[in-house]
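FYI, our numbering numbers position 435 of the sequence shown as 437, with every residue one higher than the one before it. Right, one structure below, let's go through it.
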Amino acid sequence: MSQTVPVDTAAIAEGGYDPHAIQGKWQERWEQEDPFRAGGDEDTRPRKYVLAMFPYPSGDLHMGHAENYLYSDIVARAWRHRGYNVLHPIGWDSFGLPAENAAIKRGADPREWTYANIAQQKEGFRSYGVSFDWNRVLHTSDPEYYRWNQWLFQKMHERGLAYRKESPVNWCPNDQTVLANEQVVDGQCERCGAVVVKKKLTQWYFRITDYADRLLDDLNQLEGSWPHKVLQMQRNWIGRSVGADIDFEIEGRAEKVTVFSTRPDTLHGATFMVVAPDSDLAAELAADSSAEVRERFQDYLEAVQKQTDIERQSTDRPKTGVFLDRFAINPVNGERLPIWAADYVLADYGHGAVMAVPAHDQRDLDFARAFDLPVRVVVDTTAPLTGAIPVIDPDANLEDLDTIESIDPATTGVALVGDGRMINSGSLDGLSKRNAIARITEELAASGTGRASKSYRLRDWLISRQRFWGTPIPMIHTADGEIVPVPDDQLPLRLPDAHGLDLAPKGTSPLGGADDWMSTVDPRTGESARRDPDTMDTFVDSSWYYMRFLAPQDATQPFDPAQALRWAPVDFYIGGVEHAILHLLYARFITKVLFDMGYVDFTEPFTSLINQGMVILGGSKMSKSKGNLVLFHEELAAHGADALRVALAFAGPVEDDKDWADVSTTGAQKFLARAWRIAHDVTSDPDVVWAEGDTALRRVTHRLWAEVPGLIEQTKFNVVVARLMEAVNAIRKAIDTGAGPADPAVREATEAVAMILDLFAPHTAEEMWEALGYDRFVGLVPWRQPDATLLVEENVTAVIQIDGKVRSTIEVSARVDPAELERAARADEKIVRALAGREITRAIVRAPKVVSFSTH
Numbered sequence: 003m004s005q006t007v008p009v010d011t012a013a014i015a016e017g018g019y020d021p022h023a024i025q026g027k028w029q030e031r032w033e034q035e036d037p038f039r040a041g042g043d044e045d046t047r048p049r050k051y052v053l054a055m056f057p058y059p060s061g062d063l064h065m066g067h068a069e070n071y072l073y074s075d076i077v078a079r080a081w082r083h084r085g086y087n088v089l090h091p092i093g094w095d096s097f098g099l100p101a102e103n104a105a106i107k108r109g110a111d112p113r114e115w116t117y118a119n120i121a122q123q124k125e126g127f128r129s130y131g132v133s134f135d136w137n138r139v140l141h142t143s144d145p146e147y148y149r150w151n152q153w154l155f156q157k158m159h160e161r162g163l164a165y166r167k168e169s170p171v172n173w174c175p176n177d178q179t180v181l182a183n184e185q186v187v188d189g190q191c192e193r194c195g196a197v198v199v200k201k202k203l204t205q206w207y208f209r210i211t212d213y214a215d216r217l218l219d220d221l222n223q224l225e226g227s228w229p230h231k232v233l234q235m236q237r238n239w240i241g242r243s244v245g246a247d248i249d250f251e252i253e254g255r256a257e258k259v260t261v262f263s264t265r266p267d268t269l270h271g272a273t274f275m276v277v278a279p280d281s282d283l284a285a286e287l288a289a290d291s292s293a294e295v296r297e298r299f300q301d302y303l304e305a306v307q308k309q310t311d312i313e314r315q316s317t318d319r320p321k322t323g324v325f326l327d328r329f330a331i332n333p334v335n336g337e338r339l340p341i342w343a344a345d346y347v348l349a350d351y352g353h354g355a356v357m358a359v360p361a362h363d364q365r366d367l368d369f370a371r372a373f374d375l376p377v378r379v380v381v382d383t384t385a386p387l388t389g390a391i392p393v394i395d396p397d398a399n400l401e402d403l404d405t406i407e408s409i410d411p412a413t414t415g416v417a418l419v420g421d422g423r424m425i426n427s428g429s430l431d432g433l434s435k436r437n438a439i440a441r442i443t444e445e446l447a448a449s450g451t452g453r454a455s456k457s458y459r460l461r462d463w464l465i466s467r468q469r470f471w472g473t474p475i476p477m478i479h480t481a482d483g484e485i486v487p488v489p490d491d492q493l494p495l496r497l498p499d500a501h502g503l504d505l506a507p508k509g510t511s512p513l514g515g516a517d518d519w520m521s522t523v524d525p526r527t528g529e530s531a532r533r534d535p536d537t538m539d540t541f542v543d544s545s546w547y548y549m550r551f552l553a554p555q556d557a558t559q560p561f562d563p564a565q566a567l568r569w570a571p572v573d574f575y576i577g578g579v580e581h582a583i584l585h586l587l588y589a590r591f592i593t594k595v596l597f598d599m600g601y602v603d604f605t606e607p608f609t610s611l612i613n614q615g616m617v618i619l620g621g622s623k624m625s626k627s628k629g630n631l632v633l634f635h636e637e638l639a640a641h642g643a644d645a646l647r648v649a650l651a652f653a654g655p656v657e658d659d660k661d662w663a664d665v666s667t668t669g670a671q672k673f674l675a676r677a678w679r680i681a682h683d684v685t686s687d688p689d690v691v692w693a694e695g696d697t698a699l700r701r702v703t704h705r706l707w708a709e710v711p712g713l714i715e716q717t718k719f720n721v722v723v724a725r726l727m728e729a730v731n732a733i734r735k736a737i738d739t740g741a742g743p744a745d746p747a748v749r750e751a752t753e754a755v756a757m758i759l760d761l762f763a764p765h766t767a768e769e770m771w772e773a774l775g776y777d778r779f780v781g782l783v784p785w786r787q788p789d790a791t792l793l794v795e796e797n798v799t800a801v802i803q804i805d806g807k808v809r810s811t812i813e814v815s816a817r818v819d820p821a822e823l824e825r826a827a828r829a830d831e832k833i834v835r836a837l838a839g840r841e842i843t844r845a846i847v848r849a850p851k852v853v854s855f856s857t858h
């Protein structure tokens, strides 16, 4: 980790370049003059909205922050140079469990920890030179912000999109709070890693499933502007399945049970029904059975509740279940289907019950074989429509089978899942899968026993949390059992003082212990009532924050619709891929709700999305436990902000992980010193006539102007840094061995370097600009347009190969004739020596760049 050791800054300072002094000087100027404030309504420039996912105030900034906010700053600065009025705000996602847990550990108020960390991070951002509009700062834990969370909740409630229900929920036993499905990763709490269990609770939900189709279909709008990986992750999470709802009568029950199936064509092959043991249906069916069944079911349910959904869905574990001694009636043939409770069916999938077709579903088949249940083949997969041969499990015992037709899933243990034609299915016999699905759906609809339907993996968003440090849910529980909203004129409903409250996780919200706060009155009657003790999921805070940046001090509305028309949606959004489902899905949902309410005129919040890679060390993710942290403040102190910024930008493509072992802040600092020195070497005046300068150097400059805007749009920031390094070398050569520091082309090129270097090293760029005789901030100077006549190459380097190996290069005219190029290549001394008398059997000429000779 040699990069973390300070270089000899004293030696650099002797030459005049002192990065820390320059940094302090320009940060003070920026703070005094506020040059990066977004223009107001009177500003007629076209607008761009640049946003990086806002940070959580968990302590000092880290190298991930250094990378992420560097990239947003590069884009914001580039768009300012290109004549745009740019909005580039910053805020803090400041509610949440880490602050609360830290407060519990220290016996403090979460506010103290949170706002102290915000102050530290704010200072870090200023030291890093990020061109934020500091007039638009927000903190989601401010009552001025979360008042509008409460407004949004009540608007959702008015529209039936916020509701309360009892259901099995994901429960984190460590944090003692519920989790949304999206916050459970591989069966564990995404925050603390504890194994999540199921628990039945009454909770608040947002009805995101009402928007499932729009959330899925509108992803098509984002193709090409969002990473394909993120789009696919969202499609998979929403998980739309098309099929049919089928109504089954249950013996002894008045109400039918509806089952969703993507394969209604296999209904004739159903031989039993499976219900989720933790569903209300299973409890009801068991309750009406014998005492023995009730006891077996209760024991089984208790065992299942200790399992994670991941474990229950595993395909390589033995199938378990309990027969409920109840029967369903198959609507197409009247057969009695035994009903089992089994853990491989989840309560929140479809309707919590499935028709089991063991011949054509592997999990159903495994269950049928475990409990000796019937298996009936209804799809002949031995003569598929495509003519392909079905894939057979190589472990199946096929020695005694003469033909594929004789394979019986009940014997082989391999479900027949391929396409084919229907058999043993009455009116469906002989039909293909597609036609059979259409036919059976029509027949079910005609008989009133089913209908075409869709099912989704997506579940409603569980938003209530049993913790203190979050937005209080603005609802009142009245004496008559009603739940009514807190009157609008009483918002924000503020959190009470945390001192004196027991914040330790215990399964119920700490707010429930704040008796004075919990006690209120029914706004309708004036009678005593109680507040809702839960707080909102912090992903509610971040689902609309990008809109609050448009007017964060507005006390009359969450955002100004007129400002939304001017600025939104976000033009460039950057953040980690870990937010591909959680944050991005919720933000898309809330945006569509706001659109339906008439507050915005767009349906997608982020026009363009970039996921940056991680900064790692030695191939591993940095962490305190591994002892491999590279600390942001240490790097800043050692090398200065500009060297850190340039080194990260140059380290590789935005989307790739960067190994800090390969990041050279020392090399970046030396490069910046060379650039700074060039600006101080220039002796010509600002009004010099550039056209009188060295043409070769001017070509370098104008190629830079021609290439950089496109490279920035493609986020190829590392390539731009490389081009700047090449330009600095060319200028240095011109000063030392060419026309000298007074050459107009040297000034023109140096000014170009300063203007483009502003993206990566703004302090150094400002110092160069001042040295060149200007007093306006370089970060606000419009970029220049390339001169097309200087982009035409006069001479190029042609590569000459013999049998695929490069043997020489020659300088030729960019307009050289192919025959002339071949003659010159044959005559080249190095080529003559390399041939050593061998005959050229073939020549391929691609003028003006390549000549390839073959000798065999």
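Ideal Cβ positions, reconstructed from N, Cα and C, are used throughout, including at glycine. Predicted, not measured: the structure shown is a model, and the values here were computed from it.
Could you spell out the range, first to last residue, of the alpha helix (DSSP H) harbouring residue i?
i: R526; result: Where R526 is concerned, there is no enclosing alpha helix (DSSP H), given that its DSSP letter is neither H nor E.
i: H230; result: 230 to 240
i: M65; result: 65 to 83
i: N103; result: 99 to 108
i: F634; result: 634 to 641
i: L837; result: 831 to 837
i: F673; result: 667 to 683
i: F38; result: Note, F38: premise wrong, no alpha helix (DSSP H); not H, not E.
Could you tell me if residue i is buried or exposed, where buried requires 16 or more neighbouring beta carbons within 10 angstroms of its beta carbon?
i: A358; result: buried
i: D687; result: exposed
i: T142; result: buried
i: A756; result: buried
i: H64; result: buried
i: E257; result: exposed
i: C194; result: exposed
i: L567; result: exposed
i: M599; result: exposed
i: Y58; result: buried
i: V691; result: exposed
i: A349; result: buried
i: S427; result: buried
i: D490; result: exposed
So the beta strand (DSSP E) residue i belongs to, where does it begin and stop?
i: T811; result: 807 to 815
i: H22; result: First-last for H22: 21 to 35, but that is the alpha helix (DSSP H), not the beta strand (DSSP E).
i: Y130; result: From DSSP, Y130 is part of no beta strand (DSSP E) but of the alpha helix (DSSP H) over 112 to 130.
i: L53; result: 49 to 54
i: G323; result: 323 to 331
i: A845; result: 844 to 848
Please check the pair residue i and residue j, which I expect to be a contact at CB under 8 Å, by giving their CB distance rounded to whole angstroms.
i: M549; j: A531; result: With a Cβ gap of about 32 Å, M549 and A531 do not count as contacting.
i: A732; j: L699; result: 6 Å
i: T667; j: L646; result: 6 Å
i: G241; j: R459; result: 3 Å
i: W613; j: V579; result: The sequence given here places Asn at residue 613; Trp does not occur at that position. Rounded, the Cβ-Cβ distance is 4 Å, consistent with contact.
Going by the DSSP bridge assignment, what does residue i pair with across the sheet?
i: S263; result: A246
i: K623; result: I618
i: E337; result: Partner(s): none; E337 has no beta bridge.
i: R358; result: Here residue 358 turns out to be Ala, not Arg, going by the sequence shown. Looking at the DSSP assignment, A358 forms a beta bridge with F274.
i: W94; result: H141
i: R255; result: I252
i: W342; result: V276, F325
Quiz item: Quick one: complete alpha helix (DSSP H) runs, 4+ long, within the stretch 689 to 752?
Solution: 697 to 715, 719 to 739
Quiz item: Along the chain, which unbroken stretches of the beta strand (DSSP E) at least 3 residues long are found entirely within the stretch 152 to 236?
Solution: 164 to 174, 179 to 181, 199 to 208
Quiz prompt | Residue ranges of each beta strand (DSSP E) within the stretch 261 to 310, 3 or longer | solution = 274 to 277
Practice problem: Please specify which runs of the beta strand (DSSP E), each continuous and at least 3 residues long, are wholly inside the stretch 764 to 800, giving them in chain order. | Solution: none
Quiz item: Which runs of the alpha helix (DSSP H) fall wholly inside the stretch 450 to 534 and span at least 4 residues, in chain order?
Solution: 517 to 520
Exercise. Please specify which runs of the alpha helix (DSSP H), each continuous and at least 4 residues long, are wholly inside the stretch 530 to 613, giving them in chain order.
Key: 540 to 544, 547 to 550, 563 to 569, 584 to 599
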